[in-house]
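Peer 1: Chain order of the listed sequences is A, B, C and D.
Residue numbers for the first sequence, in full-length UniProt numbering: 1 to 202.
Residue numbers for the second sequence, in full-length UniProt numbering: 1 to 202.
Residue numbers for the third sequence, in full-length UniProt numbering: 1 to 202.
Residue numbers for the fourth sequence, in full-length UniProt numbering: 1 to 202.
Before anything else, here's the structure in question.
Number of protein chains: 4
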Amino acid sequence: MGRPGRPRRPETDSAILAATRAALVELGWSKLTMSDVAKRAGVAKTTLYRRWSGRCDLVVDAVAVLFDDLELPDRGSLAADVEGVVLQFAALLARPEAGASLLALVAESTRDQALRQRIRHSIVDRQKRLVLLGRERARLRGELPYEPDPEADGRTADLVFDVIAGAVLHRALVSARPVDEGWTRTFTALLLDGLSPTGARG
Amino acid sequence: MGRPGRPRRPETDSAILAATRAALVELGWSKLTMSDVAKRAGVAKTTLYRRWSGRCDLVVDAVAVLFDDLELPDRGSLAADVEGVVLQFAALLARPEAGASLLALVAESTRDQALRQRIRHSIVDRQKRLVLLGRERARLRGELPYEPDPEADGRTADLVFDVIAGAVLHRALVSARPVDEGWTRTFTALLLDGLSPTGARG
Amino acid sequence: MGRPGRPRRPETDSAILAATRAALVELGWSKLTMSDVAKRAGVAKTTLYRRWSGRCDLVVDAVAVLFDDLELPDRGSLAADVEGVVLQFAALLARPEAGASLLALVAESTRDQALRQRIRHSIVDRQKRLVLLGRERARLRGELPYEPDPEADGRTADLVFDVIAGAVLHRALVSARPVDEGWTRTFTALLLDGLSPTGARG
Amino acid sequence: MGRPGRPRRPETDSAILAATRAALVELGWSKLTMSDVAKRAGVAKTTLYRRWSGRCDLVVDAVAVLFDDLELPDRGSLAADVEGVVLQFAALLARPEAGASLLALVAESTRDQALRQRIRHSIVDRQKRLVLLGRERARLRGELPYEPDPEADGRTADLVFDVIAGAVLHRALVSARPVDEGWTRTFTALLLDGLSPTGARG
DNA sequence: CTATAAACGAGACGGTACGTCATGTCTTATT
DNA sequence: AATAAGACATGACGTACCGTCTCGTTTATAG
Numbered sequence: 001m002g003r004p005g006r007p008r009r010p011e012t013d014s015a016i017l018a019a020t021r022a023a024l025v026e027l028g029w030s031k032l033t034m035s036d037v038a039k040r041a042g043v044a045k046t047t048l049y050r051r052w053s054g055r056c057d058l059v060v061d062a063v064a065v066l067f068d069d070l071e072l073p074d075r076g077s078l079a080a081d082v083e084g085v086v087l088q089f090a091a092l093l094a095r096p097e098a099g100a101s102l103l104a105l106v107a108e109s110t111r112d113q114a115l116r117q118r119i120r121h122s123i124v125d126r127q128k129r130l131v132l133l134g135r136e137r138a139r140l141r142g143e144l145p146y147e148p149d150p151e152a153d154g155r156t157a158d159l160v161f162d163v164i165a166g167a168v169l170h171r172a173l174v175s176a177r178p179v180d181e182g183w184t185r186t187f188t189a190l191l192l193d194g195l196s197p198t199g200a201r202g
Numbered sequence: 001m002g003r004p005g006r007p008r009r010p011e012t013d014s015a016i017l018a019a020t021r022a023a024l025v026e027l028g029w030s031k032l033t034m035s036d037v038a039k040r041a042g043v044a045k046t047t048l049y050r051r052w053s054g055r056c057d058l059v060v061d062a063v064a065v066l067f068d069d070l071e072l073p074d075r076g077s078l079a080a081d082v083e084g085v086v087l088q089f090a091a092l093l094a095r096p097e098a099g100a101s102l103l104a105l106v107a108e109s110t111r112d113q114a115l116r117q118r119i120r121h122s123i124v125d126r127q128k129r130l131v132l133l134g135r136e137r138a139r140l141r142g143e144l145p146y147e148p149d150p151e152a153d154g155r156t157a158d159l160v161f162d163v164i165a166g167a168v169l170h171r172a173l174v175s176a177r178p179v180d181e182g183w184t185r186t187f188t189a190l191l192l193d194g195l196s197p198t199g200a201r202g
Numbered sequence: 001m002g003r004p005g006r007p008r009r010p011e012t013d014s015a016i017l018a019a020t021r022a023a024l025v026e027l028g029w030s031k032l033t034m035s036d037v038a039k040r041a042g043v044a045k046t047t048l049y050r051r052w053s054g055r056c057d058l059v060v061d062a063v064a065v066l067f068d069d070l071e072l073p074d075r076g077s078l079a080a081d082v083e084g085v086v087l088q089f090a091a092l093l094a095r096p097e098a099g100a101s102l103l104a105l106v107a108e109s110t111r112d113q114a115l116r117q118r119i120r121h122s123i124v125d126r127q128k129r130l131v132l133l134g135r136e137r138a139r140l141r142g143e144l145p146y147e148p149d150p151e152a153d154g155r156t157a158d159l160v161f162d163v164i165a166g167a168v169l170h171r172a173l174v175s176a177r178p179v180d181e182g183w184t185r186t187f188t189a190l191l192l193d194g195l196s197p198t199g200a201r202g
Numbered sequence: 001m002g003r004p005g006r007p008r009r010p011e012t013d014s015a016i017l018a019a020t021r022a023a024l025v026e027l028g029w030s031k032l033t034m035s036d037v038a039k040r041a042g043v044a045k046t047t048l049y050r051r052w053s054g055r056c057d058l059v060v061d062a063v064a065v066l067f068d069d070l071e072l073p074d075r076g077s078l079a080a081d082v083e084g085v086v087l088q089f090a091a092l093l094a095r096p097e098a099g100a101s102l103l104a105l106v107a108e109s110t111r112d113q114a115l116r117q118r119i120r121h122s123i124v125d126r127q128k129r130l131v132l133l134g135r136e137r138a139r140l141r142g143e144l145p146y147e148p149d150p151e152a153d154g155r156t157a158d159l160v161f162d163v164i165a166g167a168v169l170h171r172a173l174v175s176a177r178p179v180d181e182g183w184t185r186t187f188t189a190l191l192l193d194g195l196s197p198t199g200a201r202g
C-alpha cells in the first residue's frame with residue numbers, strides 16, 4: 001500500500017519551519033541561511049532541499065502559519081470590525097518574522113511568477129478572507145448595500161483590501177510608526193467617511 | 001585650500017549609480033552584486049566601497065533619483081490631483097529598479113536604524129511632499145477645511161500619505177495587479193467619499 | 001537445513017561485478033560511485049553493502065576475474081614464453097578497468113592491511129602463477145638449472161615476477177608507452193642476457 | 001612594470017605544498033581533502049583553487065619536490081651505481097607521501113592527458129635523469145659499449161629505466177616487501193647478467 | 001620641481017554560504 | 001532474512017561574493 005522507501009518524518013517539517021522562524025527573529029531575512037536553519041532544526045541541509053526548493057519557498061511556508069491565526073470576531077459594527085482587523089494585522093506585521101519577511105518575499109516575487117502565486121495562496125488570500133467576511137457581516141447589519149453584480153463586488157472588495165492592508169503595511173514598515181489605537185481610529189474614520197468634508201458631498 | 005591628494009572624479013558617482021540601476025533592471029535586487037556593479041561601471045570594487053558602505057546604501061542612492069521626478073501638476077481639483085499622483089507613483093513602482101528595490105530596502109531597514117533614516121530622507125519624504133502640496137492646493141480651492149492645529153494637520157497628512165502610498169504599493173506589488181485608470185478612479189472615490197453609503201453618515 | 005529467510009539471489013553478485021566493470025570503463029576509478037553501480041546493476045544500495053564492505057573490496061572482486069584469464073601456452077622456449085606472458089599482461093593492463101584500477105587499489109592498500117591481502121590473494125598471486133609455471137617448464141627444457149634450496153628458488157621467482165610485472169606495468173602506465181612486439185623482444189633479451197656486454201661477464 | 005593588482009604571497013605556495021605532504025602522511029591520498037589542506041596551511045580554499053586546479057595538480061607539485069632530492073653519487077662501478085639508485089628510489093617510495101600518491105596519480109592520469117604530462121615532467125623525468133647519467137658514467141668506465149644510433153640508445157635507456165623503476169615499484173608497493181640490501185644485490189645481478197645461466201648465451 | 005597624499009585599477013586574500021553529490025546507515029513495505 | 005525504495009546525517013565539492021588588503025600608477029596640492 002504505502003509507497004516504497006522510508007517515509008519522511010512528518011515532525012521534521014514543523015521543526016524546520018519553527019527553526020526558520022527562529023532564525024528570522026534572530027538574524028532577519030537577509031542573514032538567514034539554509035545552513036543555519038538546518039543546524040537549528042537538527043537536520044541535514046539535504047533534508048531541507050528535499051522538502052523546499054530554496055530560501056523563498058521555505059520562508060513562505062514558515063511565515064504562512066502566522067497568517068492563519070488572523071480572525072475577525074464580530075465587534076458589532078463595521079467600524080469596530082475594521083479597527084479589529086487593522087490592529088490584528090498590525091500586530092502581525094510588527095513581528096520581525098512576519099513583516100520584513102513579507103516585504104522581502106514580495107520584492108523577490110516581482111521576478112518570480114511561481115513565488116508570486118505561492119505568496120498569494122499562502123499569505124495574501126488568508127488576509128483577504130477577513131475583508132470578505134467583514135463585508136458580509138456589514139451587509140447583514142445593513143451597513144453596506146447589496147451589490148448585485150458579483151464582479152463589481154469583487155473589485156470593490158479587492159480595493160478595500162488593498163487600502164486597508166496597504167495602509168497598515170505602509171504605516172508600520174515604510175513610515176515605521178506605530179499602528180496604535182489612535183491611528184487605527186482615524187484611519188477607520190477616513191476609510192468609512194472619506195477625506196472630503198461632509199458638506200462637499202453629492 | 002583643497003585637500004591634498006588626488007580628488008575623486010565626480011562623474012564616477014553617477015556612473016556607478018547608473019550601473020546600479022542597470023543591474024537592478026537586469027538582475028533584480030537579490031542577484032545584484034557589488035562586483036557586478038563595479039564591472040558595469042568600469043570601476044574597481046575599492047572605489048565602490050570608498051563611496052558607499054554597502055549594497056543597501058548604494059541602492060538607496062541609485063533609486064532615490066527616480067523619486068525626484070515625481071511631480072504634481074495642478075489638474076484643477078483634489079480628485080484629479082489624487083488621480084495624477086496615484087498614476088505617477090504607480091508608474092514608478094512598476095519599474096523593476098524602483099518597486100522591488102524599495103520593498104527590499106524597507107525589509108532590510110527593519111533591522112537597521114541608519115538605513116531606515118536614509119530611506120526616509122532620500123525616498124519617502126520625496127513622495128510625501130506631493131501629499132503636502134496637494135493638500136495645500138485643495139485648501140486654496142476650498143475643497144479642504146483649514147486645520148488650525150499644525151500637529152493634527154501633520155497627523156492627517158501622514159495618514160493620507162500612508163493610505164495613498166500604501167494602497168498603490170499593495171495593489172501594484174503585493175496583489176500584483178495593474179494600477180490603471182479604472183482602479184485609480186474608484187480608489188480616489190473611496191478616498192474622498194469613504195466606504196459608507198451617503199445616507200449612513202452623521 | 002537452509003537458513004531461515006529469503007536466500008540471496010546468486011546471479012546478483014555477478015550482475016553487480018559486471019556493472020562495476022562497466023562503470024570503471026566508462027567513468028574510471030575516481031568517478032565510480034556505489035550509487036551508480038547499484039543503479040547499473042538494477043539493485044538497491046543496501047544490497048551492495050550487504051555483500052561488499054565498500055568500493056575497494058567491490059572493485060577487487062570485479063577486477064580479479066580479469067586476471068583469471070591469464071594463461072601460459074607453451075611456446076617452446078623460455079624466451080618465447082616470457083614474451084607471451086608479457087604481451088598478455090600488457091593487454092590486460094591496457095584495459096581501462098584493469099590497469100588503472102589495479103594501481104589505485106594498490107595505492108589504497110598501502111594504508112589498509114586487509115585490502116593488501118585481498119589484492120594479493122585475488123590478483124597478484126594469479127599473475128605469479130604464470131612465472132612459477134614458466135620456470136618449471138624452462139627447467140624441464142634444461143633452460144634453467146634446478147635450484148635445490150626451495151627458499152632461494154622462491155626468492156628468485158619473486159624477483160623475476162617483480163621485474164617482469166614491474167617493467168610492464170611501468171612501461172604501460174607510468175611511462176604510458178605501448179608494450180608492443182618490439183619492446184617485448186628487447187625486454188626479454190635484457191631479462192635473459194642482462195645489460196652487460198657478453199664479454200664483460202665473469 | 002610589475003603586473004597590476006596585489007601580488008601573490010610567494011611563501012604561501014610552499015606552505016600549501018608542505019601542508020599537502022603533511023596531509024598525505026596523516027590521511028593518505030584517498031582521504032586528503034582540499035578543505036583540510038587549506039585549514040592546515042592557514043589559507044582559504046579559494047587561494048588553493050586560485051593556484052591549483054584541483055587535488056591532482058596540487059599533489060603532483062607537492063610530491064615532485066621529493067623527487068628532486070634523488071642523486072647519483074659515483075660509486076665506482078655500474079653495479080654499485082645501480083644498487084645506489086635502487087636503494088634511493090626505494091627509500092622514496094617507502095615514504096607514505098610519495099609511493100602511494102604516485103600510484104594514485106598515475107592511475108588517475110590514465111584518463112587525463114594533461115595530468116599525464118604533468119607527472120612525466122615533474123616526477124618521472126627527474127628519475128630518468130639518473131639512468132641517463134649512470135649509463136654515461138658506465139660508458140666512460142668502459143662498462144657499456146658506445147651506441148652510435150641515438151634513437152636506439154634512447155630506447156635502451158627507456159627500457160632500462162622501466163625495468164629498474166618498475167621492479168622497485170612493484171616490489172615495494174605491489175608485492176609490499178622490503179627493498180633491502182639483499183634484494184637490491186640480486187636484482188642488480190639479474191639486471192646486469194640476465195636470467196640465463198652463463199653457458200646458455202650465444 | 002619635488003614631495004606627499006589621496007584616488008584609482010587590479011587582483012590576492014580569509015571568510016562564508018551556496019546547492020549538489022556520495023557516503024554508509026536507517027526505516028518502510030514487499031517478497 | 002533478503003530486497004527495492006528512498007529518507008537521512010555527514011561532510012567535501014568547486015563556485016561565487018563579501019569586504020579588506022596590498023600593490024603600482026595617476027593626479028592633485030603644498031613646500
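From the three backbone atoms N, C-alpha and C, an ideal C-beta is built for every residue, glycine too.
Taking only three categories from DSSP, how would you classify D/Pro178?
Peer 2: Coil, per DSSP.
Peer 1: Quick check: B/Arg21 and B/Glu143, are their CB atoms within less than 7 angstroms of each other?
Peer 2: No. Outside cutoff.
Peer 1: Residues of the stretch 179–198 of chain B in Cβ contact with chain A at a cutoff of 9 angstroms, in chain order, please.
Peer 2: Against chain A - using a Cβ distance shorter than 9 angstroms - the residues of the stretch 179–198 of chain B are Gly182, Trp183, Thr186, Phe187, Ala189, Leu190, Leu191, Leu192, Asp193, Gly194, Leu195, Ser196, Pro197, Thr198.
Peer 1: Counting only Cβ-Cβ distances shorter than 7 angstroms, please list the residues of the stretch 100–118 of chain A near chain B, keeping chain order.
Peer 2: Hits within the stretch, in order: Ala100, Leu103, Ala104, Val106, Ala107, Glu108, Thr110, Arg111, Arg116.
Peer 1: With DSSP as the reference, label A/Phe10 as helix, strand or coil.
Peer 2: In the sequence as presented, Phe is not what sits at residue 10 of chain A; that position holds Pro. If DSSP states are grouped into helix, strand and coil, A/Pro10 belongs with the helices.
Peer 1: Check whether the stretch 36–50 of chain B touches the stretch 84–96 of chain B, taking contact to mean three or more Cβ pairs, one atom from each stretch, closer than 8 angstroms.
Peer 2: Result no; under three Cβ-Cβ pairs closer than 8 angstroms.
Peer 1: Taking contact to mean at least 3 C-beta pairs separated by less than 8 angstroms, is the stretch 185–192 of chain B in contact with the stretch 100–112 of chain B?
Peer 2: Because the criterion of three Cβ pairs below 8 angstroms is not met, the stretch 185–192 of chain B and the stretch 100–112 of chain B do not touch.
Peer 1: For A/Ala176, go through chain B and note every residue whose CB falls closer than 7 angstroms to its CB, in chain order.
Peer 2: Within 7 angstroms Cβ-Cβ: Arg116.
Peer 1: Beta carbon of A/Ala157, beta carbon of A/Val131: below 7 angstroms?
Peer 2: In contact: A/Ala157 and A/Val131 (Cβ atoms closer than 7 angstroms).
Peer 1: Do the stretch 177–189 of chain D and the stretch 67–77 of chain D touch if we need at least three Cβ pairs shorter than 8 angstroms?
Peer 2: Taking 8 angstroms as the limit for Cβ pairs, the verdict is that the stretch 67–77 of chain D does not touch the stretch 177–189 of chain D.
Peer 1: Taking Cβ-Cβ distances below 7 angstroms as the criterion, which residues of the stretch 119–141 of chain C are in contact with chain D?
Peer 2: So the list reads Val124, given in the order they occur along the chain.
Peer 1: Since D/Gln127 and D/Phe187 are thought to touch, with beta carbons under 8 angstroms apart, how far apart are those beta carbons, to the nearest angstrom?
Peer 2: In fact, because the Cβ distance is near 16 angstroms, the residues do not count as touching under 8 angstroms.
Peer 1: Measure the C-alpha to C-alpha separation of C/Gly199 and D/Pro145 and round it to an integer number of angstroms.
Peer 2: Note that C/Gly199 scores 44 on pLDDT, short of 50, meaning its location in the model is unreliable; the coordinates nonetheless yield the value given after this. Going by the C-alpha atoms only, they are around 11 angstroms apart.
Peer 1: Kindly indicate if chain B contains any beta-carbon less than 7 angstroms away from that of A/Gly84.
Peer 2: It does not: the Cβ of A/Gly84 has no partner Cβ on chain B nearer than 7 angstroms.
Peer 1: Under 8 angstroms, with one C-beta from each stretch per pair, do the stretch 162–170 of chain D and the stretch 158–166 of chain C reach the 3-pair mark?
Peer 2: Touching, per the Cβ criterion.
Peer 1: Any residues in the UniProt domain "HTH tetR-type" (10–70) of chain D with a beta carbon nearer than 7 angstroms to a beta carbon of chain C? Which ones, in chain order?
Peer 2: Cβ contacts with chain C come from Gly28, Trp29, Ser30.
Peer 1: Consult DSSP for B/Gly202 and reduce its assignment to one of helix, strand or coil.
Peer 2: Residue placement at B/Gly202 cannot be trusted, given a pLDDT of 34 that sits under 50; the coordinates are not used to answer.
Peer 1: According to DSSP, is B/Arg111 part of a helix, a strand, or is it coil?
Peer 2: Reduced to three states, the DSSP call for B/Arg111 is coil.
Peer 1: Just to confirm my understanding: we take residue 205 of chain D, look at its own chain, exclude 5 residues before and 5 after, and list those with CB closer than 6 angstroms. What are they?
Peer 2: The question about residue 205 of chain D has no answer here: the residues shown for chain D are numbered 1 through 202.
Peer 1: Compare the C-beta of D/Leu173 with all C-beta atoms of chain C and state if any pair is closer than 7 angstroms.
Peer 2: Answer yes: the Cβ-Cβ gap between D/Leu173 and chain C drops below 7 angstroms somewhere.
Peer 1: Taking Cβ positions only, does A/Gly166 come closer than 7 angstroms to chain B?
Peer 2: By this cut-off, A/Gly166 is an interface position.
Peer 1: Taking the straight line between their C-alpha atoms, what separation do you get for C/Leu140 and C/Gly76?
Peer 2: Distance between the alpha carbons of C/Leu140 and C/Gly76: 11 angstroms.
Peer 1: Exposed or buried, A/Gly28, counting other C-beta atoms within 10 Å across all chains shown (16 or more means buried)?
Peer 2: Classification of A/Gly28: buried, given that the 10 Å Cβ count is 16 or more.
Peer 1: Mind listing, in chain order, the continuous alpha helix (DSSP H) runs of no fewer than 4 residues lying wholly within the stretch 93–152 of chain B?
Peer 2: Runs of the alpha helix (DSSP H) inside the stretch 93–152 of chain B: 99–109, 113–119, 125–141.
Peer 1: Could you check the C-alpha separation between A/Arg50 and A/Glu11 for me, to the nearest Å?
Peer 2: Looking at the two C-alpha atoms, the distance is approximately 15 angstroms.
Peer 1: What number of angstroms, rounded off, separates the C-alpha of A/Glu147 from the C-alpha of A/Arg155?
Peer 2: Each residue's alpha carbon lies about 11 angstroms from the other.
Peer 1: Assuming A/Val63 and A/Leu102 form a contact by the criterion Cβ under 8 angstroms, report the distance between their Cβ atoms to the nearest whole angstrom.
Peer 2: Correct: roughly 7 angstroms between the Cβ atoms.
Peer 1: Closer than 7 angstroms, CB to CB, is residue 209 of chain B near chain A or not?
Peer 2: This structure cannot speak to residue 209 of chain B, because chain B is shown only from 1 to 202.
Peer 1: Does B/Asp162 get closer than 7 angstroms to chain A when you measure Cβ to Cβ?
Peer 2: Closer than 7 angstroms to some Cβ of chain A, the Cβ of B/Asp162 qualifies, so yes.
Peer 1: Could you give the distance in angstroms between the alpha-carbon of B/Ala138 and the alpha-carbon of B/Leu78?
Peer 2: Going by the C-alpha atoms only, they are around 6 angstroms apart.
Peer 1: Select from A/Val65, A/Ser122, A/Phe161, A/Ala19 the residue whose C-alpha is nearest the C-alpha of A/Arg135.
Peer 2: Nearest option by C-alpha distance: A/Phe161.
Peer 1: Taking its Cβ as the centre, do 16 or more other Cβ atoms sit within 10 Å of D/Gly99, making it buried, or is it exposed?
Peer 2: Burial call: buried.
Peer 1: In whole angstroms, what is the alpha-carbon distance linking C/Asp68 and D/Asp13?
Peer 2: If I take the Cα positions, the gap works out to 46 angstroms.
Peer 1: Can you confirm whether A/Pro145, when its beta carbon is compared against all beta carbons of chain B, has any partner nearer than 7 angstroms?
Peer 2: Output row for A/Pro145: interface = yes.
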